[in-house]
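Take the sequence shown: its position 211, counted from the start at 1, is 207 in the numbering used here, and no numbers get skipped.
Where is the CB? At the ideal position from N, CA and C, for every residue including glycine.
Everything numeric in this text was worked out from a predicted model, so none of it was measured.
I have placed the structure first, in the form of C-alpha cells, so that the comments after it can refer back to it.
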Amino acid sequence: MDVYLEDRIKIGISACMYGCKFRYNAKGWHQLEAIGRDASSFIWFPVCPEVNAGFGVPREAIKITGESGSAVWKNAGKVMSGSGKNLTSALMKSSEACLNQLLQAEVAVFIYMEGSPSCGVYRTTLKNKRLGKPPGVFGHLLLENGFFLIPANDLTSPVKWWDWRRRMLAFLWLKKQPLHTMADLYGIWHVLKFLCQEIDEKWARALGKKFADMAHPKAEDLEAIRVDILNVLRKPSSPQKIKNRLWKHYSHYRKLTGKTIEGIKRPTELRNMTELAEELLKMELGAMSVDYLFGASPIINRKKKAKE
C-alpha cells in the first residue's frame, strides 16, 4: 500500500515562534532552530493575529474576560487591553483572516504559542503556571477547524518532535486516503494500527473488533471511523511506550530481513532522549532502505524512487 506523502508539508506557526519579534513585549523565539535541518523539509506559514489586528509592537498585553476564548465567539466574553480598551472585534476579525490565509493555502497543521490569549490552545497565560482561560481566540478557530496542533515548546525535545512529526504525517496521509469500502478501511488500518495501538491500545483493540461487525457500513460510518483515528493521532505518546515499541518493531525487522541496525538498544538499557531520538531515526532509515513498514512511523515524506 502507498505510504508516501510526496509533497512538502505546509505548516502554520505562531510568528513569534518563527523568530519574529511579535510578542507584546517585542520578544520572539526561533523555535525551528531546535529541529535543525528538519525545518527545511516543510513550507512555513507564520501568522500573528495580534499584529495582523493592528496592535503593533510593542503593545499592551491583552487578556480574555469571560469563561474562555471560545466564549468570545459566542458574545459571552471580551478581549481587553491592560488599560481597559475593548479589542474584541479587532482580534476576532484578524483571527478569521489568519485562519482564512491558512485554509486557502491548504495548511492543516499549526505550531502554536502556548500561553497566548490569541494562539494558546490549553493555556492563555504564562503567569504562575496558571491555565488562564483557554483556548485563545485564534486557538478556538484552530480547534474548531480540525488542525493538527503542535505546542511550539515541544520542538526543543528530540523525542517529542519525532513523536509529533510521525503522527502529523500519519494524520495528513489519512485525511487524503479514499475511504468508500471495508477494503479501503482495512488497507488504512494495516498501515496505522501499530501506531494507534501504541497511543491508545485499549481503543485500538476495540476498533479492530468493531470492524468485524461492519459488513456493509454506510459512508457516514466509515467517515466517523476516520475522524476517530484522526483524533487519536493527535494524542502524544510517551518515551516509555516509544522505547518498547521501537524494540518490538526492530525485533520483527531483524527476523524478517536478517539485518541489524547498529546502535538500537533494548528498552531496559539507559539512554537520554537525544540518544533515543537518534535510534528512532536509524530505525526509520533502516526500514526505508529495505521497504519495510516501520509500524511506529509508517508514513514516509519523500518522493518515490523510480523503481518503486
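Alpha-carbon to alpha-carbon, residue j and residue i
i, j, result
"L272", "S77", "44 Å"
"T253", "L181", "28 Å"
"E194", "T84", "42 Å"
"L127", "E219", "34 Å"
"S64", "G73", "7 Å"
"A49", "S36", "29 Å"
"P263", "S234", "13 Å"
"H212", "R161", "34 Å"
"K261", "E56", "51 Å"
"N71", "G204", "43 Å"
"R119", "P113", "8 Å"
"S79", "I184", "53 Å"
"R4", "L165", "11 Å"
"V223", "E197", "17 Å"
"H248", "K255", "10 Å"
"K214", "T121", "44 Å"
"M178", "S66", "37 Å"
"T152", "M210", "43 Å"
"L98", "R163", "20 Å"
"N240", "E265", "11 Å"
"F143", "A208", "31 Å"
"H176", "R230", "23 Å"
"G125", "C115", "Per the sequence shown, residue 125 should be read as Lys rather than Gly. Cα-Cα distance, rounded: 17 Å."
"D34", "L277", "12 Å"
"I221", "R267", "37 Å"
Delimiting residues of the alpha helix (DSSP H) encompassing residue i
i, result
"V155", "154 to 172"
"T264", "That residue, T264, is in no alpha helix (DSSP H); it is neither H nor E in DSSP."
"G65", "65 to 68"
"P42", "Per DSSP, P42 belongs to no alpha helix (DSSP H); it is in the beta strand (DSSP E), 38 to 43."
"E29", "Segment: none, E29 is in no alpha helix (DSSP H) and carries neither H nor E."
"E275", "269 to 285"
Distance CB(residue i)-CB(residue j) smaller than 8 Å
i, j, result
"M109", "S10", "yes"
"P45", "C16", "no"
"H245", "M279", "yes"
"N28", "W169", "Reading off the sequence, residue 28 comes out as Leu, not Asn. No, the Cβ-Cβ distance between L28 and W169 is not below 8 Å."
"I31", "K6", "no"
"A22", "V53", "yes"
"I257", "G282", "yes"
"L226", "E275", "no"
"P294", "V228", "no"
"I60", "V68", "yes"
"G8", "V105", "yes"
"I238", "D159", "yes"
"N141", "L95", "yes"
"K189", "A200", "yes"
"V(-1)", "L289", "yes"
Endpoints, beta strand (DSSP E) assigned at residue i
i, result
"K6", "5 to 10"
"T61", "58 to 62"
"S77", "73 to 77"
Contact set for residue i: own chain, Cβ-Cβ below 8 Å, skip 5 residues either direction
i, result
"V117", "Y108, E110, P130, P131, G132, G135, L138, L139, L145, P147"
"N82", "K74, V75, M76"
"G62", "V68, A72, G73, K74, K129"
Own chain residues within Cβ distance below 7 Å of residue i, not counting five before or after
i, result
"P174", "D180"
"M284", "I296"
"G24", "C12, G15, C16, K17, F18"
"K299", "E2"
"P93", "Reading off the sequence shown, one finds Ala at residue 93, where the question assumed Pro. The answer, listed in chain order, is N48."
Own chain, CB closer than 6 Å to residue i, minus 5 neighbours either side, in chain order
i, result
"S90", "P45, N48, A49"
"E304", "Because the pLDDT of E304 is 46, which lies under 50, any placement of that residue in the model is unreliable, and the number read from its coordinates should be weighed accordingly. Nothing meets the Cβ criterion."
"V286", "T253"
"L157", "Per the sequence presented here, residue 157 reads as Trp, with Leu not at that position. Cβ within range, chain order: I31, L151."
> Which runs of the alpha helix (DSSP H), 4 residues or longer, sit entirely within the segment 179 to 261?
Replying inline: Correct list: 197 to 207, 215 to 229, 235 to 253.
> Which runs of the alpha helix (DSSP H) fall wholly inside the segment 101 to 152 and span at least 4 residues, in chain order?
Replying inline: Taking 4 residues as the shortest admissible run, the segment 101 to 152 contains the following complete alpha helix (DSSP H) segments, listed from N- to C-terminal end: 133 to 140.
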